[in-house]
Every structure is written in structure tokens, then in C-alpha cells.
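Data first, discussion second: the structure below is written as C-alpha cells.
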Amino acid sequence: MLTVAVLISGTGSNLRALLEATADPGFPARVVVVGADQQADGFAYAEAFGIPTVMVPFREFETRAEWGDELRRHIDVWTPDLVVLSGLMRLLPDGVVDAWAPALINTHPAFLPEFPGAHGVRDALAAGVRETGASVIVVDGGIDTGPILAQERVPVLPGDTEHLLHERIKPVERRLLIETVRSIATGAIDLSVYRTGARSDASASDPL
Ligand code: GAR
Numbered sequence: 002m003l004t005v006a007v008l009i010s011g012t013g014s015n016l017r018a019l020l021e022a023t024a025d026p027g028f029p030a031r032v033v034v035v036g037a038d039q040q041a042d043g044f045a046y047a048e049a050f051g052i053p054t055v056m057v058p059f060r061e062f063e064t065r066a067e068w069g070d071e072l073r074r075h076i077d078v079w080t081p082d083l084v085v086l087s088g089l090m091r092l093l094p095d096g097v098v099d100a101w102a103p104a105l106i107n108t109h110p111a112f113l114p115e116f117p118g119a120h121g122v123r124d125a126l127a128a129g130v131r132e133t134g135a136s137v138i139v140v141d142g143g144i145d146t147g148p149i150l151a152q153e154r155v156p157v158l159p160g161d162t163e164h165l166l167h168e169r170i171k172p173v174e175r176r177l178l179i180e181t182v183r184s185i186a187t188g189a190i191d192l193s194v195y196r197t198g199a200r201s202d203a204s205a206s207d208p209l
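Shown next as C-alpha cells:
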């Protein structure tokens, strides 16, 4: 059974979907802890499923590194096999990426490498593209630059607002995230091939 920590910042709708999927006794992974960098609405889902929560407020630390170390200390108590960034809107410091990678994945509401960063949906709309997408990646030291594990296109429709488009992307993200976690749990995806420390170039095909 793969044990999973999920890190969020806000609504937690993808977290909710993962909690629902992993609550099925036939699913090969369990969420063991949910963490956040602030008081997040998504904690309510964790509590509803009886999953412990950890809040390490980013704003109360002098440096990103100190915040990350504290977050890691609290999450590592639960010895998760995999850490999922599901709407965590803070960059993890290099030390934490190095400690958790490659068992550290991120969901993103765009077809990476297109539109990385905190405003993937807004940026796609502003660029006037006809389709964007959703991606699940292994985290490396860059901003949404790690190896892509799963992705799918989502059309941009006439009249789309950032909210409407994001709400159409999220169900795709959820499906990709759940299938990716399942594949990691069953061994269909082997994360050990990705040597994605914070200072690596995130390539799975580099010579040793
Ligand atoms: C998701 O779309 C996630 O991919 C995105 O935030 C949303 C969180 O929604 N993350 C990023 O943009 C990170 N670059 P949720 O809190 O309802 O699951």
C-alpha cells in the first residue's frame, strides 16, 4: 500500500477527489496526511475523511528554507512513500525537493511545458490559444519543469473566463492525478528512473 502526503494551499477539490478514490479498499494507495502553507479550505475534506492535517504558515518564517524544513519535519513524521503537490501555491526550497524527489509530484492546470507557474489558466487565456490542458509532473528544482508523467489537452471555448476554463480543466487534472497515483502504487510508473533533485536537469534519460 502506497502512503501519500498531499500538500495544498486552498480549495482542495483535487485533494477531495484523491481522498474519495483512495477510500476505495481496492485502491492501492492511502492518503496519510494533508499539509498546507496556510489555513486552507481543503482541510475540511481531510477532516471529513479522518486524515490528519498539518499547517505550517509560510508567512511566519524568515526564509523559504526554514519554512520548508519545518513542513518537511511535520510531513516526514508520517513517512509517506509519495508527496503530491495538489494546488500548493508555494515553491518548495531546494533542500526539501532534494529530500523528497523523485517521489514528489505536482499537478498543473496547463499542458506543460506550456504556461508554467502560478497562473497557468490565466496565461493560456491571455495567449489566445485554442487548447490548453492539464499535466502531472515529477517535481524538480524549476517551476513546473520536471518530467511529465501524464497530460491531456482541454479545449479553450468561446466565452471562457479563467474560472470557467479552470473548472473544465480540474476534472481532467483529477483523473490524471488519480491514475498517476495508482500507476505509481502498482509499479506501472517507476519514479526511481527520475533523478530530479533540485539541482538536476530533470531528465530521465541522462547518462549516469
Ligand atoms: C489546481 O488546478 C492545481 O493544478 C493548481 O491549483 C489548483 C488547485 O485547485 N496548481 C497550480 O497552478 C500550481 N502551479 P484545488 O485546490 O481545488 O485542488
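Start counting the sequence shown at 2; every next residue gets the next number (this note's numbering).
Just so it is clear, CB atoms sit at the ideal spot from N, CA and C, and this is done for glycine as well.
What you are looking at is a predicted structure, and each value in this text was computed from that prediction instead of being measured.
Spatial neighbours of residue i in its chain, beta-carbon cut-off 7 Å, leaving aside the 5 residues before and after
i	result
Leu89	Leu8, Ile9, Ser10 and Asp38
Ala41	Ile9, Ser10, Gly11 and Gly13
Asp161	Leu126
Ala104	Asp82, Leu83, Val84 and Leu192
The ligand GAR heavy atom lying under 7 Å from the CB of residue i
i	result
Glu180	no
Ser184	no
Leu109	The question names Leu, but residue 109 in the sequence shown is His. Yes, the ligand GAR has a heavy atom inside 7 Å of this Cβ.
Ala119	yes
His167	yes
Met2	no
Leu16	yes
Met90	yes
Thr12	yes
Gly43	yes
Ser193	no
Ile9	yes
Asp145	yes
Residue i and residue j closer than 8 Å at C-beta
i	j	result
Gly179	Ala18	According to the sequence provided, residue 179 is Ile. The question's Gly does not apply to it. Yes, these two residues count as a Cβ contact at 8 Å.
Thr4	Val33	yes
Ile170	Thr146	no
Ala6	Ile76	yes
Leu72	Gly43	no
Arg91	Phe62	no
Ala199	Val173	no
Val122	Glu163	yes
Buried/exposed call for residue i, threshold 16 Cβ in 10 Å
i	result
Asp141	buried
Ala189	exposed
Gly118	exposed
Ala127	exposed
Leu158	exposed
His109	buried
His167	buried
Ala250	Absent from the model: residue 250. The displayed extent of the chain is 2 to 209, so no value can be given.
Arg154	exposed
Arg74	exposed
Own chain, CB closer than 6 Å to residue i, minus 5 neighbours either side, in chain order
i	result
Ala151	Val137, Leu177 and Thr181
Thr23	Ala30, Arg31 and Val32
Pro156	Glu132
Phe116	Asp124 and Ala125
Leu93	Gly69
Cβ shell of residue i (< 8 Å), same chain only, five flanking positions each side left out
i	result
Val55	Val34, Val35, Gly36, Ala37, Leu72, His75 and Ile76
Ala45	Gly13
| query | Is the number of C-beta pairs between the stretch 44-51 and the stretch 76-83 that are closer than 8 Å three or more? | reply | Contact check between the stretch 44-51 and the stretch 76-83: fewer than three CB pairs, one atom from each, fall below 8 Å, which does not count as touching.
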